[in-house]
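Residue numbers (the UniProt record's numbering): 1 to 475.
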């Protein structure tokens, strides 16, 4: 049974999709942080950097967007000349992250219930999830009749939800997308840049559009307004039962909170005793596969294959639920047989096909590493739940007490050249003070600098903070 849960609190809205007892999709959107992804702007080119093959565009959000250009030609991806001060119509394809601004494109697209409108070219595509040849041809034929209509040629990609939809309903969706695009173009002609011309539908509409499929049987929400909208949005799908439950613990009742907790852990258990370790970095996400206590199989080669096949399923599930994007490197257990490596790659490619987000499994390197890419669609689950540690700056490491003491000693040495007070107050974190006492370092300082040192503690959270000051003379 496929179920969609929409849980709303004053702080955030969570969309969770379950298949039986398994969590298959998860979206978290803070109430105070609407995403920029897929918004369309009329922007102003602020800088063109030939060495980067990129332009930086002011879209009015306070942070310039990054627009890739054709190699060394200062032209956009359609070949149009780009110069400082130019007005450009762009769409956000990646959210800003860290020190990087949002990624932009000059080829916008619009997502509807059954199709995605491509604003450039007359391409017609059909979702790979629709596998029946006759249905694919039927849909292509329906869309083909719509090409070339309007002031500008557009293309379409049919989404999985289009399967089985009658011609009138599909045509209505295509016409709506075309009208929306024509409205954006009209506004772009008169708007003063920078200006936002289009923003995605809210999370409730996106939930109905993106996650309600022919296999969906139930939608449950704890938000009355969302309930009324969802009833209307899925009225054409009689198999879907929409329910309103006035509960603050909707996610807990359905086991979602218990399913989310492991998604925030670095180590993930895999069936049979194996496990994977997920480490995000600025440049990529590294995933390491370990056999753990897994012992099924005959010989090392068989063991490695079985562990890797199980891990491939879990890797695909984890990157989907954690919303990990960008470059992903998976270090599977070494396999000697070429056919085993091919089996694992095939299994991984099959597993990521269930992902709505475009995911590509490349090949296995000579070192046995599998390269993957997944389109970035917003913050990861970790980024939406955690803040960067102010103490370690996200590295996971802090200075040892001994290293901090060495730093203090060096500063004392520098100050001694200019003259230290006869009595020096050293304020440190309690853990550093304990180290000073255990090593009797105040006495060592006294012998070295011929001054009296008074050790005191501060209650600030950072263990690296300390203060040196002249202590008052005793009466």
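C-beta atoms are modelled at their ideal positions from N, C-alpha and C, and glycine is treated no differently.
Backbone secondary structure at residue i - three-state DSSP
i, result
"residue 25", "strand"
"residue 476", "Past the edges of the chain, shown from 1 to 475, lies residue 476, and the structure says nothing about it."
"residue 151", "For residue 151, the predicted model reports a pLDDT of 48, less than 50, meaning its position is unreliable; a value from the coordinates is still stated below. Of the three classes helix, strand and coil, the one that applies to residue 151 here is coil, per DSSP."
"residue 176", "helix"
"residue 283", "coil"
"residue 130", "coil"
"residue 440", "coil"
"residue 241", "strand"
"residue 353", "coil"
"residue 308", "helix"
"residue 165", "coil"
"residue 125", "strand"
"residue 34", "coil"
"residue 431", "helix"
"residue 221", "strand"
"residue 268", "strand"
"residue 97", "strand"
"residue 293", "coil"
"residue 395", "coil"
"residue 380", "coil"
"residue 105", "strand"
Strand pairing of residue i, partner residues [DSSP]
i, result
"residue 374", "326 and 359"
"residue 41", "90 and 196"
"residue 369", "331"
"residue 453", "424"
"residue 58", "44"
"residue 216", "2"
"residue 117", "110 and 156"
"residue 49", "54"
"residue 470", "424"
"residue 65", "57"
"residue 477", "Within the shown structure, residues of the chain are numbered from 1 to 475, placing residue 477 beyond reach of any answer."
"residue 17", "4 and 25"
"residue 9", "According to DSSP, residue 9 bridges with nothing at all."
"residue 364", "370"
8 Å Cβ shell around residue i - same chain, five flanking residues per side excluded
i, result
"residue 309", "343, 344 and 347"
"residue 25", "15, 16, 17, 211, 320, 321 and 356"
"residue 354", "24, 316 and 320"
"residue 397", "none"
"residue 130", "136, 139, 158, 160, 162 and 163"
"residue 151", "Below a pLDDT of 50, predicted positions are generally treated as unreliable, and residue 151, at 48, falls in that range; no measurement from the model is reported."
Buried versus exposed call for residue i [16 or more other C-beta atoms within 10 Å across all chains shown]
i, result
"residue 389", "exposed"
"residue 40", "buried"
"residue 94", "buried"
"residue 387", "exposed"
"residue 145", "exposed"
"residue 109", "buried"
"residue 392", "exposed"
"residue 362", "exposed"
"residue 429", "buried"
"residue 170", "buried"
"residue 341", "buried"
"residue 339", "exposed"
"residue 249", "exposed"
"residue 306", "buried"
"residue 395", "exposed"
For residue j and residue i, believed in contact at Cβ under 8 Å, the rounded distance
i, j, result
"residue 114", "residue 175", "Wrong, their Cβ atoms sit about 12 Å apart, outside the cutoff."
"residue 231", "residue 212", "Not quite, the Cβ-Cβ distance comes to about 12 Å (not below 8 Å), so this is no contact."
"residue 374", "residue 357", "6 Å"
"residue 67", "residue 117", "In fact, because the Cβ distance is near 21 Å, the residues do not count as touching under 8 Å."
"residue 425", "residue 366", "Their Cβ separation, rounded to whole angstroms, is 59 Å, which puts residue 425 and residue 366 out of contact at 8 Å."
"residue 329", "residue 291", "That pair is no contact at about 19 Å."
"residue 112", "residue 177", "5 Å"
"residue 452", "residue 417", "Incorrect: roughly 19 Å between the Cβ atoms, too far for contact."
"residue 476", "residue 427", "In the structure displayed, the chain extends from 1 to 475; residue 476 sits before or after that span and is not available."
"residue 480", "residue 193", "This structure cannot speak to residue 480, because the chain is shown only from 1 to 475."
"residue 37", "residue 378", "6 Å"
"residue 487", "residue 65", "Since the first and last residues shown for the chain are 1 and 475, residue 487 lies out of range."
"residue 13", "residue 29", "5 Å"
"residue 92", "residue 47", "That pair is no contact at about 18 Å."
Cutoff 6 Å; reference residue i; Cβ partners in own chain excluding five residues on either side
i, result
"residue 251", "7 and 257"
"residue 273", "292, 293 and 294"
"residue 215", "2"
"residue 198", "40 and 184"
"residue 261", "none"
"residue 286", "279 and 329"
7 Å CB neighbourhood of residue i in its chain, flanking five on each side removed
i, result
"residue 444", "none"
"residue 350", "none"
Residue-level contact to chain D via CB, residue i, 8 Å cutoff
i, result
"residue 357", "The structure shown contains no chain D; it is built from a single protein chain."
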